[in-house]
Amino acid sequence: MDNVNDINFSVSRFEKMVKENTVIFFDSVEFENIISYYLDIGKLALAKKALKLSLNQYPSNTNLCLYKIEIFIQEDKLDNALELVNSILTIETNNFEAIILKSSILSKQKKHIKSISLLESITNDYQNKTELFYQIGIEYLFLEDFQKSNFYFKKSLNYDYLDHSSLYNIFYCYETLEDNNGLIVFLKEYLSKNPYSEIGWHNLGKSYVKTKM
């Protein structure tokens with residue numbers, strides 16, 4: 002079975018167990034997949050139920066604890082989330098997923114400078130550069146520093162030219178800065194690397210109209 006079928010099979014077994022109030026064995030990876038599945042579709046109650054059962058069986062599993070932090074964040078229990086993530090980072094100082102989650106907590110606490118500092122500390126080592134630079138860009142948006150925000154959205158886009166979220170945020174930054182000429186220069190460079198981008202050509206056309214070109 003492929004990964005999707007494996008997850009669906011695990012979820013079906015879990016829901017059968019809950020419905021029939023029986024006990025079925027799941028390994029820790031199956032629990033992670035089940036919790037992730039429920040979080041993705043917004044079924045927080047079932048995610049919490051799976052998490053509780055999983056931590057009863059695997060209390061020291063870091064990945065499961067990370068899901069607990071995610072749920073704390075969703076429930077706006079930021080102090081609980083911060084306490085748990087700090088306890089993980091005390092033991093696993095280079096746990097990048099924990100660092101990303103801590104930056105999210107700090108962001109929600111409106112501590113955007115601290116969030117940025119934390120994210121920037123892992124730029125050399127964290128593999129998903131697109132996600133990392135995008136998140137730094139978002140933090141600078143919160144601070145209304147559109148120059149730096151634009152810089153990081155461009156860095157994010159360099160790793161994934163099909164990332165429309167970064168692209169639209171770049172447009173937003175240029176528009177807020179009222180730098181239409183800068184946007185035209187950016188779009189020409191972008192389209193030289195991604196010549197089939199309808200979004201790119203459309204916005205270049207709009208920019209030319211604005212400058213009466």
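Take the sequence shown: its position 55, counting from 1, is numbered 56 in our numbering, and each next residue is one higher.
Note that CB positions come from ideal geometry on N, CA and C, so glycine has one too.
**Prompt:** Taking the alpha helix (DSSP H) that L56 falls in, what are its first and last residues?
**Reply:** Within the sequence shown, numbered from 1, the residue matching residue 56 stands at position 55. 45–58 is the extent of the alpha helix (DSSP H) around L56.
**Message:** Taking the straight line between their C-alpha atoms, what separation do you get for M2 and R14?
**Reply:** In the sequence shown, residue 2 corresponds to position 1, counting from 1. In the sequence shown, residue 14 corresponds to position 13, counting from 1. Confidence at M2 is low in this model, with a pLDDT of 39, below 50, so its placement is unreliable and no value can be given for it.
**Message:** Given this structure, state the Cα-to-Cα distance separating I100 from V86, to the nearest angstrom.
**Reply:** Here the question's residue 100 lines up with position 99 in the sequence shown. Here the question's residue 86 lines up with position 85 in the sequence shown. Straight-line Cα distance between these residues: approximately 8 Å.
**Prompt:** Are the CB atoms of S55 and L65 nearer to each other than 7 Å?
**Reply:** For the purposes of this step, residue 55 is identified with residue 54 of the sequence shown, where counting begins at 1. For the purposes of this step, residue 65 is identified with residue 64 of the sequence shown, where counting begins at 1. Yes; because the gap between Cβ atoms is below 7 Å, this pair is in contact.
**Prompt:** Measuring CB to CB, does S104 end up less than 7 Å from S116?
**Reply:** Taking the first residue of the sequence shown as 1, we reach residue 104 at position 103. Taking the first residue of the sequence shown as 1, we reach residue 116 at position 115. Going by C-beta atoms, S104 is nearer than 7 Å to S116.
**Prompt:** If you pair each beta-carbon of the region 38–50 with each one of the region 77–86, do three or more pairs fall below 8 Å?
**Reply:** no
**Message:** Using 7 Å as the threshold, is the C-beta distance between Q136 and L120 below it?
**Reply:** Counting from one through the sequence shown, the residue named residue 136 turns up at place 135. Counting from one through the sequence shown, the residue named residue 120 turns up at place 119. Yes, these two residues count as a Cβ contact at 7 Å.
**Asked** Are F152 and Y127 closer than 7 Å when you measure CB to CB?
**Response** As a first step, residue 152 must be located in the sequence shown, where it is residue number 151. As a first step, residue 127 must be located in the sequence shown, where it is residue number 126. Their beta carbons are not under 7 Å apart, which means F152 does not touch Y127 by this criterion.
**Prompt:** Quick one: Cα of Q58 to Cα of K50, how far?
**Reply:** Indexing the sequence shown from 1 puts residue 58 at position 57. Indexing the sequence shown from 1 puts residue 50 at position 49. One C-alpha to the other measures close to 13 Å.
**Prompt:** T212 by DSSP, collapsed to three states: which one?
**Reply:** Here residue 212 refers to the residue found at position 211 of the sequence shown. The answer is coil: DSSP assigns T212 none of H, G, I, E or B.
**Message:** Considering only the alpha carbon of each residue, which of E199, N95, N81 lies closest to S122?
**Reply:** For the purposes of this step, residue 122 is identified with residue 121 of the sequence shown, where counting begins at 1. Ranking the options by Cα distance to S122, first place goes to N95.
**Asked** By how many angstroms is the C-alpha of K149 removed from the C-alpha of L184?
**Response** Within the sequence shown, the letter at position 183 stands for residue 184. Within the sequence shown, the letter at position 148 stands for residue 149. Cα-Cα distance, rounded: 15 Å.
**Asked** What runs of the alpha helix (DSSP H), each 4 residues or longer, lie entirely inside the region 75–152?
**Response** 79–92, 97–109, 113–121, 130–143
**Asked** Would you call I114 buried or exposed, if buried means 16 or more other Cβ atoms sit within 10 Å of its Cβ?
**Response** Locating residue 114 in the sequence shown gives position 113, where the first residue counts as 1. That one is exposed.
**Asked** What's the C-alpha gap between F172 and W202?
**Response** What you label residue 172 is simply residue 171 of the sequence shown in a count that begins at 1. What you label residue 202 is simply residue 201 of the sequence shown in a count that begins at 1. Computed Cα separation, rounded: 13 Å.
**Prompt:** Looking at the unbroken alpha helix (DSSP H) that takes in I8, where does it start and where does it end?
**Reply:** By 1-based counting over the sequence shown, the position of residue 8 is 7. That run of the alpha helix (DSSP H) goes 4–21.
**Asked** Beta-carbon of V186 versus every beta-carbon of chain D: anything under 7 Å?
**Response** The structure shown contains no chain D; it is built from a single protein chain.
**Asked** Assuming Y162 contacts K189 under a Cβ cut-off of 8 Å, what Cβ separation, rounded to an integer in Å, is found between them?
**Response** Position 161 of the sequence shown, counted from the start, is the residue given in the question as residue 162. Position 188 of the sequence shown, counted from the start, is the residue given in the question as residue 189. About 14 Å; that fails the 8 Å criterion.
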